[in-house]
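Peer 1: For what it's worth, the UniProt record's numbering labels the leading residue of the sequence shown as 1, then goes sequentially.
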Amino acid sequence: MNPHAKLISTMSLILGTSITISSNHWILAWAGLEINTLAIIPFISKSHHPRAIEAAIKYFLTQSTASALILFSSMTNAWSTGQWDITQLNHPTSCLMLTMAIAIKLGLVPFHFWFPEVLQGSSLTTALLLSTLMKLPPMTLLLLTSQSLNPTLLTLLAISSALVGGWMGLNQTQTRKILAFSSISHLGWMIMIIAYNPKLTTLTFILYTTMTTAVFLSLAQIKVLKLSTMLISWTKTPMLNATVMLTLLSLAGLPPLTGFMPKWLIIQELTKQEMTPAATIITMLSLLSLFFYLRLAYHSTITLPPNSSNHMKLWRTNKTLNTPTAILTVLSTALLPLSPLIITML
């Protein structure tokens, strides 16, 4: 990719995200989302492979549809209330349309079909951007309008996302698709609590971003795109594979690790809101995603490649964890003891 084009696209990404998360007016927020959409497309299609071009077209069509819906809902709200302020979303039809538009942008069920395909057609670095940075502007809009949205609809979207994200990830062999369904499942947890405790949604998003970034950077360093490659990557970087296993278990939400904290706090908040059935359902559905995280962890460190493997063993080199990956891995696994401090900040 041309360095100048890469620089312009990167700066546009930062600019679009900054405009959306700092704006108070619907038109500015929409403009930031459009800049983001146009800036990420060169990153998706940079390999010039047919699958990458297909992913870029799918991404453009879905995001432009969602942007048009956001513009339409804000105009409908301004027509009926005379307000362009993002926090003044009071018209019921506008609330419904905005919820659908944000669901398309985030890849929530039933608007999730584009997300795994786009991630599969992108490189690991671009997939990281799509799973973390590109979720920030729509999530900010959802946080700003959370008091106006229908809690029943959000709960339905959340439970559906947790179900489909866990169920569809069970049979996948491509790491990018597995992490795409992982993202859908985690978004379900965030949407479940957003109407009752937006700060908790923000905390969950920050921790999800930290853990997902650590996993993607580690997989990019050992060049793992599918499970069969992960089986033999232990010969190249055994230490990195061990940290990947811990980060994956943290993403699964197992208790000694950081990922347990947001799930524990969300279940606690749902119980306080007398939503015990919803808390029980989403907790049971998290067992589905736990299975494929354990499968990834099993492939990364616990098994040795079988003798009949068609892959050649890789030479072990002196590669070490780079500093960002090391810091993110520590944050992804060791923040649970700070839970009391974090709870007091919420």
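Glycine included, each C-beta is placed from N, C-alpha and C at the ideal position.
Starting from the N-terminal side, write out each stretch of the alpha helix (DSSP H) that is 4 residues or longer and does not extend beyond the stretch 79-160.
Peer 2: Segments of the alpha helix (DSSP H) lying fully in the stretch 79-160: 92-106, 114-120, 124-131 and 136-144.
Peer 1: Identify whether K177 lies in helix, strand or coil by the three-state DSSP scheme.
Peer 2: Helix at K177.
Peer 1: For S228, which option in V164, A297, I53 and T140 has the closest C-alpha, if you only look at C-alpha atoms?
Peer 2: Considering only alpha carbons, the answer is A297.
Peer 1: According to DSSP, simplified to helix, strand and coil, what is H49?
Peer 2: It is coil, neither helix nor strand.
Peer 1: On the CB-based measure, 16 or more other CB atoms within 10 Å of its CB, does P138 come out buried or exposed?
Peer 2: Buried.
Peer 1: Check K263 in the structure and name its three-state DSSP category.
Peer 2: It is helical.
Peer 1: Quick one: Cα of F181 to Cα of T173, how far?
Peer 2: In a straight line, the C-alpha of F181 is about 12 Å away from that of T173.
Peer 1: Please list, in chain order, all residues of the same chain as W234 whose beta carbon is under 6 Å from its beta carbon, the five residues on each side excluded.
Peer 2: Result list for W234: N241, in chain order.
Peer 1: Using the three-state DSSP reduction, which class does K226 fall into: helix, strand or coil?
Peer 2: Three-state result, K226: strand.
Peer 1: Could you check whether the stretch 53-73 touches the stretch 7-20, counting it as contact only if at least three pairs of C-beta atoms, one from each stretch, sit closer than 8 Å?
Peer 2: The answer is no - the stretch 7-20 does not touch the stretch 53-73, with fewer than three Cβ pairs under 8 Å.
Peer 1: Thinking C-alpha only, which one of I40, M345, T37 and I53 is nearest L203?
Peer 2: Comparing Cα positions, the closest option is M345.
Peer 1: Which value, in whole angstroms, describes the spacing of the CA atoms of T247 and K223?
Peer 2: Using only the alpha carbons, I get a separation of about 17 Å.
Peer 1: For T125 and Q88, I'd like the C-alpha separation in whole angstroms.
Peer 2: Distance between the alpha carbons of T125 and Q88: 37 Å.
Peer 1: Which residue from L217, K272 and L270 puts its Cα closest to that of I327?
Peer 2: Nearest of L217, K272 and L270 to I327, Cα basis: L217.
Peer 1: Are S332 and T258 closer than 8 Å when you measure CB to CB?
Peer 2: A contact, by the Cβ cut-off of 8 Å.
Peer 1: Taking the straight line between their C-alpha atoms, what separation do you get for F43 and P50?
Peer 2: The alpha-carbon atoms of F43 and P50 are separated by roughly 14 Å.
Peer 1: When burial is assigned at 16 or more other CB atoms within 10 Å of the CB, is W79 buried or exposed?
Peer 2: Exposed, since its Cβ has fewer than 16 Cβ neighbours within 10 Å.
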